[in-house]
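If you count the sequence shown from 1, position 153 lands on 402 in the numbering used here, and the numbers rise without skipping. I have placed the structure first, in the form of structure tokens, so that the comments after it can refer back to it.
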Amino acid sequence: MKFKNLEMTGFKSFSEKTTILIEKGLTGIVGPNGCGKSNIVEALRWCMGENSAKSMRGSGMEDVIFSGTSNRPSKNISEVALLLDNQEKRGPVQYKEFDEISIKRKIEKDKGSKYYINDKEVRARDVQTFFADLSTGAHSPSLISQGRIGQLVTAKPIERKSILEEAAGISGIHARRQEAETRLNAAENNLKRADELKRQQQKQLDNLKKQAEEATRYKEISSEIKKIEAGLYFLKIRDIEKDKKKIQERLSELDDEISAVNIDYNHNNTLLEEENKKLAPLRDKKIESAASLQKLNLDMKSLVEEESRVKSLQEKLEKSIRKLKF
250 MKFKNLEMTG FKSFSEKTTI LIEKGLTGIV GPNGCGKSNI VEALRWCMGE
300 NSAKSMRGSG MEDVIFSGTS NRPSKNISEV ALLLDNQEKR GPVQYKEFDE
350 ISIKRKIEKD KGSKYYINDK EVRARDVQTF FADLSTGAHS PSLISQGRIG
400 QLVTAKPIER KSILEEAAGI SGIHARRQEA ETRLNAAENN LKRADELKRQ
450 QQKQLDNLKK QAEEATRYKE ISSEIKKIEA GLYFLKIRDI EKDKKKIQER
500 LSELDDEISA VNIDYNHNNT LLEEENKKLA PLRDKKIESA ASLQKLNLDM
550 KSLVEEESRV KSLQEKLEKS IRKLKF
């Protein structure tokens with residue numbers, strides 16, 4: 250596969266969108282020190298999945314975002330896109346249908362990096378494996394950065410081995426093998442958890458069966474209790490109906506007795522009224538007789554007093570007569 254162009258926006262010294270065309274043959278980039286030549290190679294490596302901030306000459310990965318100058322404000326997002334020519338169908342099998350493949354990486358402050366292949370979000374490992382299958386990548390020996398020759402000379406055997414594997418195009422196989430082993434270990438762990446979960450679920454199932462049996466027995470007992478309660482309610486209602494009938498009969502008897510008493514009361518009341526009517530003239534006569542009696546008593550009292558006065562006068566006269574005789 251061939252690189253067609255490299256597009257950078259907000260990456261290190263490239264504040265605005267910058268597109269570098271990569272034509273057939275050799276493409277050279279020249280310029281004075283500090284103009285950003287190394288930033289182009291680093292943009293290429295960063296887009297391929299470089300995850301070491303130190304390799305990008307920074308203390309943190311967000312250092313690749315344009316930090317601003319006296320004339321230009323800083324950016325919050327850095328984005329690098331690499332366009333690959335796939336007309337010869339040398340790319341990975343899953344991308345054979347595409348004539349061009351776009352690899353893009355974007356980083357935003359406080360949100361981390363995102364990777365895209367043909368505008369579909371993927372993992373960093375997917376991008377790294379993609380380039381490893383093409384015998385290239387962020388650590389490919391064909392990408393020689395400042396101080397890279399010295400690093401190769403002083404590299405440890407295991408580091409040289411990884412460089413040779415990447416040059417031979419088998420680093421992707423190791424990456425996939427490691428990923429497959431990781432997935433296998435995860436699958437084995439999941440299987441163990443599944444077995445443990447199965448045992449727990451079987452235990453729960455046994456408990457549920459026991460609870461179901463107890464629930465069935467409970468329902469049977471509850472049904473019997475309801476039947477007994479229904480029978481008791483029936484008997485109680487029947488007794489209440491009997492008592493109600495007796496009370497109603499007694500109320501009827503009391504109503505008859507009250508009616509008879511009312512009849513007697515009305516009859517006696519009528520007689521009383523008639524007797525009261527007869528007593529009225531007698532009361533008048535009684536009052537008249539009492540008045541006559543009182544008058545007679547007064548007259549009699551006057552006569553007695555008169556009689557007493559006459560006797561007293563008679564005695565005085567008799568005394569006077571006796572004195573005259575002597």
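Glycine residues also receive a C-beta, built at the ideal position from the N, C-alpha and C atoms. In this text, all values refer to a predicted model and were calculated from it rather than measured experimentally.
> Sorted by chain position, which residues of the same chain lie with C-beta nearer than 8 Å to residue 375's C-beta, five sequence neighbours on each side aside?
Replying inline: 364 and 366
> beta strand (DSSP E) containing residue 252: first to last residue?
Replying inline: 251–258
> Counting along the chain, where does the beta strand (DSSP E) carrying residue 275 start and finish?
Replying inline: Where residue 275 is concerned, there is no enclosing beta strand (DSSP E), given that its DSSP letter is neither H nor E.
> Can you list, in chain order, the residues of its chain whose CB lies under 7 Å from that of residue 335, leaving out five sequence neighbours each side?
Replying inline: Within the same chain, 250, 344, 347, 348, 349 and 350 come within 7 Å of residue 335 by CB-CB distance, once the 5 residues on both sides are set aside.
> Between residue 254 and residue 270, which are expected to be in contact by the criterion C-beta below 8 Å, what is the C-beta distance as a whole number of angstroms?
Replying inline: 5 Å
> From what residue to what residue does the alpha helix (DSSP H) around residue 286 run?
Replying inline: 286–296
> Around the Cβ of residue 563, are there at least 16 other Cβ atoms within 10 angstroms (buried) or fewer (exposed)?
Replying inline: exposed
>> Cutting at 6 Å between CB atoms, please list the residues of its own chain near residue 324, excluding the five before and the five after it.
In response: 259, 314 and 315
> Can you give, in chain order, each stretch of the beta strand (DSSP E) that sits fully within the region 331–392 and has at least 3 residues?
Replying inline: 349–357, 361–366 and 369–371
>> Quick test of your reading: residue 354 and residue 296, contact by CB under 8 Å. State the CB separation rounded to the nearest angstrom.
In response: At roughly 5 Å, the Cβ-Cβ gap stays under 8 Å, so residue 354 and residue 296 are in contact.
> So residue 356 packs on residue 330, CB below 8 Å; how close in whole Å?
Replying inline: So it is not a contact: roughly 13 Å between Cβ atoms.
> Taking the runs of the alpha helix (DSSP H) that are 4 residues or longer, which of them lie wholly in the region 461–490?
Replying inline: none
>> Considering only DSSP beta bridges, list what residue 311 is partnered with.
In response: In the DSSP output, where bridge partners are listed per residue, residue 311 has none listed.
> Is the beta carbon of residue 262 less than 8 Å from the beta carbon of residue 298?
Replying inline: no
>> With H, G and I counted as helix, E and B as strand and the rest as coil, what does DSSP make of residue 328?
In response: strand
>> If distances are taken between C-alpha atoms only, which option among 319, 333 and 307 comes closest to residue 272?
In response: 333
> Across which residues does DSSP place residue 268 in a beta bridge pair?
Replying inline: 256
> Just how far apart, CA to CA, sit residue 519 and residue 550?
Replying inline: 46 Å
>> What does the Cβ neighbour count give for residue 231, buried or exposed, with the cut at 16 atoms within 10 Å?
In response: One cannot answer for residue 231 here, as it falls past the ends of the chain, which runs 250 to 575.
> When you compare only the Cα positions, how much space is there between residue 577 and residue 280?
Replying inline: No answer is possible for residue 577: the residues shown for the chain start at 250 and end at 575.
> Where does residue 501 land, buried or exposed, given buried means 16+ other C-beta within 10 angstroms?
Replying inline: exposed
> Straight-line CA distance for residue 320 to residue 309?
Replying inline: 24 Å
>> For residue 513, count the other beta carbons within 10 Å of its own beta carbon; 16 or more makes it buried, fewer makes it exposed. Which is it?
In response: Classification of residue 513: exposed, given that the 10 Å Cβ count is below 16.
> Taking C-beta to C-beta, are residue 311 and residue 358 nearer than 8 Å?
Replying inline: yes
>> With the cut-off set at 8 Å, would you say residue 373 and residue 300 are in Cβ contact?
In response: yes
> Just how far apart, CA to CA, sit residue 431 and residue 437?
Replying inline: 10 Å
> Could you give the distance in angstroms between the alpha-carbon of residue 220 and the alpha-carbon of residue 528?
Replying inline: The chain is shown from 250 up to 575; residue 220 falls before or after that span and cannot be answered.
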